[in-house]
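Residue numbers (the numbering used here): 34 to 801.
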């Protein structure tokens, strides 16, 4: 159930915005006609496969492809010896400090178990797979490090020779505010603890896949499942040595990404090279195991956190060391470390902070962008420790968090002042909806099963600013019958983003939602877009679309003014009808006004919108009830009451879907999901959905979603803000805090497995 709450003081009249209109892609998806990258079949298409190493760290002494090339049906084989040796950015933001540039397409050195060492193109997948087994590779094993502790030891093997001051350490992050020593001197209570973070993976349903084709004029077209089509275009053009107008990237529909498909992967480069080598189209698709080996996980790591508190509940100091495991390559590690570390300045007010963040290379699979982008990890630590402080100081945890919640005018992690009191509103509403005080005082249960309630809070920016200087672009064209076409580069990840953008354009123009068509996903056609990430699609892409629509609206009214004997400013458009606002009831249908007149051609009505945002923050508080079986250690989430403040809601059902989907992912990484690496040899131990345990639909608890609009942001369309990443952040600490309420044990890690629960209960029993 979703409750849509809007204070009367901010209520406006909207005809399309705020309505759960039918998604514009519904018919395609329910009929199966929606085209994904994997649906592309081209004449003469070859199938590509990647040979992956089974050693965590080694040099390639020799590689023999002769037997593979001799196999009937094999058309090409690539190794490090015959691909461009250009360092590329594994992530799509080459000029941003958020990413590294440390990876070759193929190298003479492998740095993690499962890294690609060669690629084959053949007439069938079966032949390509057989050819991989015929490629002979001789390795010179090198010492490997699988934990950050080992990677930081004196004399540890350096994974990269990239001029860093300290081997295996990516550029550190230092954030300071106030006087940390004075802050601890003022404290009556000082808490410190270490929090350990698992390695959940994005587990999108559609695997990484692309189809590549070169035409006779030397132009590459690539159909790819990516969140960042223009960034793929840029990286391919650079590495392949061709201009941008010789690379076309097409992304129609996607089967999920959750941030992890922001990177560029080996298969995109290799498929393009194989297609050029063979002069035939090439299709490359990851197996499910390869999405684990060659995909991206969340950053595992450890956080040491120390905070000072006064008896009356004020936080005086916050000191932290954040250490993330980057895996074998940097990918988004600098950005994740920067965002996650800076986030610790906020959420709960504290004037004195000293924070250090580092990401460390290890011989493990690559960690990259994943929904929550560093904030999942750091807010988990803060929220758990603040909950612990409330208990020790004799405060109710929700009251304590309300007392310390950031509010209007406080400085956000981006160094911008916060707008509104969104976090306070979320906490208060959640306390009321859950009947918090009564629920907390209820009996915990007798005997085996124990119940408890917990609260977790979050805030998240609706853009990647200031780490990345983003820009949204849109083009709106009005046709000669009054219908409208929106051209946008924003990617559709399956969230209904283009429906929301259509609603924004329809609202701004005053036309029915059904009159808006969207053209997207083709870099040759649509305006440049940085990609779908950082919860900014509606906030930034929607604002650009609104600006473009407003430009068209201005042109239309100027064109229609003589027809209605009125000044443009005295006209409006309502439901496709241009009318005077003076009460004269004079009007003209929009289609008639813009149609060709007396044999004259139609006027060109085109609007262009460009929007460069700063920073906007959404807020959330999750209230969770759990039941812990003290005999089996199993934790069941019984109900979740998420309260989110996201500014003006464009599509309520879609917003609720984002919140509920994020909760499902968050329950998974808190209780069961962990991509496990053997720390003796670096091998992946559970790279499949058989052994990687995600909650399914039947595992989901009742969720009563409440959406507030109490702190609209002036930067978004009608005050809209982002929601995509928020819900995965607050659910984890809410569950962990509820477990403590149920059984009196605090866990400072995720996932919290049944074995962990039983071990903790045994230890608690021995201490009693």
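We put the CB at the ideal spot given by N, CA and C, even for glycine.
At least three beta-carbon pairs within less than 8 angstroms, the stretch 519-531 to the stretch 587-603: With a cut-off of 8 angstroms on Cβ pairs, the stretch 519-531 is not in contact with the stretch 587-603, counting fewer than three such pairs.
Touching by the beta-carbon criterion (3+ pairs, under 8 angstroms), the stretch 316-333 and the stretch 720-727: By the Cβ test, the stretch 316-333 is in contact with the stretch 720-727, since at least three Cβ pairs between them sit closer than 8 angstroms.
Own chain residues within Cβ distance below 6 angstroms of residue 41, not counting five before or after: Residue numbering aside, residue 41 sits at position 8 when the chain shown is read from its first letter. Annotation note: pLDDT 32 at residue 41 (below 50); position unreliable, coordinate value reported separately. So no residue of the chain qualifies.
Collapsed DSSP secondary structure at residue 603 in the structure displayed: As a first step, residue 603 is located in the chain shown; it is residue number 570 there, counting from the start. Three-state DSSP puts residue 603 in a helix.
Residue 128 burial status per 10 Å Cβ neighbour count (16 or more: buried): As a working mapping, residue 128 is identified with position 95 in the chain shown. With a pLDDT of only 42 at residue 128, under the threshold of 50, the placement of this residue in the model should not be trusted, and no figure is reported.
Euclidean distance between Cα positions of residue 712 and residue 546: What you label residue 712 is simply residue 679 of the chain shown in a count that begins at 1. What you label residue 546 is simply residue 513 of the chain shown in a count that begins at 1. Distance between the alpha carbons of residue 712 and residue 546: 55 angstroms.
Buried or exposed by the 16-neighbour rule on C-beta atoms within 10 Å, applied to residue 801: To locate residue 801, count along the chain shown from 1; it is residue 768. Per the 10 Å Cβ criterion, exposed.
Inter-residue Cα distance where the pair is residue 75 and residue 256: Here residue 75 is taken as the residue at index 42 of the chain shown, counted from 1. Here residue 256 is taken as the residue at index 223 of the chain shown, counted from 1. Distance between the alpha carbons of residue 75 and residue 256 is about 11 angstroms.
Secondary structure of residue 369, DSSP reduced to three states: Along the chain shown, read from residue 1 onward, the residue named residue 369 stands at position 336. Three-state DSSP puts residue 369 in a helix.
Cβ-Cβ distance between residue 671 and residue 735 below 9 angstroms: On the chain shown, position 638 is the one that residue 671 refers to. On the chain shown, position 702 is the one that residue 735 refers to. Yes, these two residues count as a Cβ contact at 9 angstroms.
Assigned exposure category for residue 434 - 16 Cβ within 10 Å defines buried: Numbered from 1 along the chain shown, position 401 holds the residue referred to as residue 434. Under this definition residue 434 is a buried residue.
Within-9 angstroms CB hit, residue 607 to chain B: The question asks about chain B, but that chain is absent: this structure has only one protein chain.
Beta-carbon proximity list for residue 262, same chain, < 6 angstroms, skipping 5 on both sides: As a position in the chain shown, residue 262 is number 229, starting the count at 1. Excluding sequence neighbours, residue 262 sits near 282, 284 and 556.
Counterpart residues of residue 698 in DSSP-defined beta bridges: Taking the first residue of the chain shown as 1, we reach residue 698 at position 665. When DSSP reads this structure, residue 698 sits in no beta bridge, so it has no partner.
Residue 41 (DSSP reduced to helix, strand or coil): Here residue 41 refers to the residue found at position 8 when the chain shown is read from its first residue. Only weak support is given to the placement of residue 41: the predicted model assigns it a pLDDT of 32, under 50, and the value that follows is read from those uncertain coordinates. It is helical.
Own chain partners of residue 100 with C-beta closer than 8 angstroms, once the 5 adjacent residues on each side are dropped: Against the chain shown, residue 100 aligns to sequence position 67. Closer than 8 angstroms at the Cβ level, and outside the excluded window around residue 100, lie 167, 168 and 169.
Residue 7 burial status per 10 Å Cβ neighbour count (16 or more: buried): A query on residue 7 cannot be resolved here, the shown segment of the chain reaching from 34 to 801 and no further.
For residue 259, three-class secondary structure by DSSP: Counting from one through the chain shown, the residue named residue 259 turns up at place 226. Looking at residue 259 - three-state DSSP - the assignment turns out to be coil, as it is neither helix nor strand.
Three-way DSSP call (helix, strand, coil) for residue 595 in this model: The residue labelled residue 595 in the question sits at position 562 within the chain shown. In this structure, residue 595 counts as helix in the three-state DSSP scheme.
Start-to-end residues for the beta strand (DSSP E) that takes in residue 610: As a first step, residue 610 is located in the chain shown; it is residue number 577 there, counting from the start. Unbroken beta strand (DSSP E) run through residue 610: 610-613.
DSSP state of residue 651 mapped onto helix, strand, coil: Taking the chain shown and counting its residues from 1, one reaches residue 651 at position 618. DSSP places residue 651 in the strand class (E or B) of the three-state scheme.
Proximity below 9 angstroms, CB of residue 644 to CB of residue 505: Here residue 644 is taken as the residue at index 611 of the chain shown, counted from 1. Here residue 505 is taken as the residue at index 472 of the chain shown, counted from 1. Closer than 9 angstroms, so yes.
Neighbourhood of residue 220 by C-beta, 7 angstroms cutoff - its chain only, sequence neighbours within 5 removed: Residue mapping note: residue 220 aligns to position 187 of the chain shown, counting from 1. If we look at residue 220 and ignore the five residues flanking it on each side, its Cβ neighbours are 341, 342, 343, 349 and 350.
Residue 703 to residue 768 span [Cα, whole Å]: Taking the first residue of the chain shown as 1, we reach residue 703 at position 670. Taking the first residue of the chain shown as 1, we reach residue 768 at position 735. Distance between the alpha carbons of residue 703 and residue 768: 8 angstroms.
Closest residue to residue 583 among 642, 461, 758 and 611 (Cα-Cα distance): Start at 1 with the first residue of the chain shown, and residue 583 comes out as number 550. Closest option to residue 583, Cα to Cα, is 642.
Residue 118 to residue 69 span [Cα, whole Å]: Within the chain shown, residue 118 is the residue found at index 85, counting from 1. Within the chain shown, residue 69 is the residue found at index 36, counting from 1. Straight-line measurement puts the Cα of residue 69 at about 31 angstroms from the Cα of residue 118.
Residue 300 beta carbon less than 9 angstroms from that of residue 241: Position 208 of the chain shown holds residue 241. Position 267 of the chain shown holds residue 300. Yes, Cβ-Cβ distance for residue 241 and residue 300 is below 9 angstroms.
Residue 445 Cβ short of 8 angstroms to the ligand FAD heavy atom set: In the structure shown, the ligand FAD is absent, as is every other ligand, since no ligand is present at all.
Residue of 462, 798 and 656 minimising C-alpha distance to residue 743: By 1-based counting over the chain shown, the position of residue 743 is 710. The candidate whose alpha carbon is nearest that of residue 743 is 462.
Distance between beta carbons of residue 50 and residue 697, contact taken as under 8 angstroms: In the chain shown, the residue the question calls residue 697 occupies position 664. In the chain shown, the residue the question calls residue 50 occupies position 17. No, residue 697 and residue 50 are not in contact; Cβ-Cβ is about 27 angstroms, not under 8 angstroms.
Beta-ladder partner(s) of residue 362, from DSSP: If you number the chain shown from 1, residue 362 lands on position 329. In the DSSP assignment, residue 362 is bridged to no other residue.
Reference residue 134, options 684, 363 and 370, closest by Cα: If you number the chain shown from 1, residue 134 lands on position 101. For residue 134, the closest of 684, 363 and 370 by C-alpha to C-alpha distance is 363.
Residues bridged to residue 149 [DSSP beta-bridge criterion]: Taking the chain shown and counting its residues from 1, the one referred to as residue 149 is at position 116. According to DSSP, which records beta bridges pairwise, residue 149 is partnered with 85.
Minimum C-alpha distance to residue 436 - residue among 80, 423, 447 and 307: Along the chain shown, one-based indexing puts residue 436 at 403. For the residues 80, 423, 447 and 307, the minimum Cα distance to residue 436 belongs to 423.
Coarse secondary structure for residue 324, derived from DSSP in three states: As a first step, residue 324 is located in the chain shown; it is residue number 291 there, counting from the start. Three-state result, residue 324: helix.
Coil, strand or helix - residue 807 by DSSP: The displayed coordinates of the chain run from 34 to 801. Any statement about residue 807 would go beyond what the structure contains.
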